[in-house]
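Colleague: Handing you a structure now.
In full-length UniProt numbering, the protein residues as written are 1 to 159.
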């Protein structure tokens, strides 16, 4: 991931994060992909009405699909409103899709979405990560590190 892409994510006012993913998985590799959306879906995302909880990605027929992402129906949408939990196609290069397809064939690896954001051109993008599930002791270690960071921040606040 280059510095420009990282700066772009920090500037975006809309950032829908999958906080549970970093706790449940350890990330091996990350990619940024575009999402194929309808008109009312992008309007709902711009309002921040989306959730990545329990969503995942699969590779089928040389395409990558995002399943389980919930985008709430647009309030002002009429008969043309979208289905909230439909499968959405992700836009990656063929080389990246081939790489992900090969990696997910190994046991224990999966593709999880970590962040949805709006880029400078107004397009919705999603960060996906090739991830391996954490064991129970890894999760306890993550909680301990988080608590230690919180205590250090409290101690530094008083100085």
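A virtual CB, placed ideally from N, CA and C, is assigned to each residue, including glycine.
1) Apply the 10 Å Cβ neighbour rule to residue 139 and answer buried if 16 or more other Cβ atoms are within range, or exposed otherwise.
2) Should residue 79 be labelled buried (16 or more other beta-carbon atoms within 10 Å of its own) or exposed?
3) Rounded to the nearest angstrom, what separates residue 95 and residue 116 at their Cα positions?
4) Can you check DSSP and say which residues form a bridge with residue 138?
5) Hey, could you find the ends of the alpha helix (DSSP H) residue 128 is sitting in?
6) What's the C-alpha gap between residue 146 and residue 154?
7) Smallest Cα separation from residue 20: which of 71, 126, 120, 114?
8) As a quick exercise: from 44, 90, 47, 82, pick the residue whose alpha carbon is nearest that of residue 63.
9) Within this structure, are the beta carbons of residue 16 and residue 52 separated by less than 8 Å?
10) Starting from residue 56 and walking both ways along the beta strand (DSSP E), at which residues does that stretch end?
Modeller: By the coordinates alone:
1) exposed
2) exposed
3) 22 Å
4) Per DSSP, none; premise fails for residue 138.
5) Note, residue 128: premise wrong, no alpha helix (DSSP H); beta strand (DSSP E) at 124 to 133.
6) 12 Å
7) 114
8) 90
9) yes
10) 56 to 60
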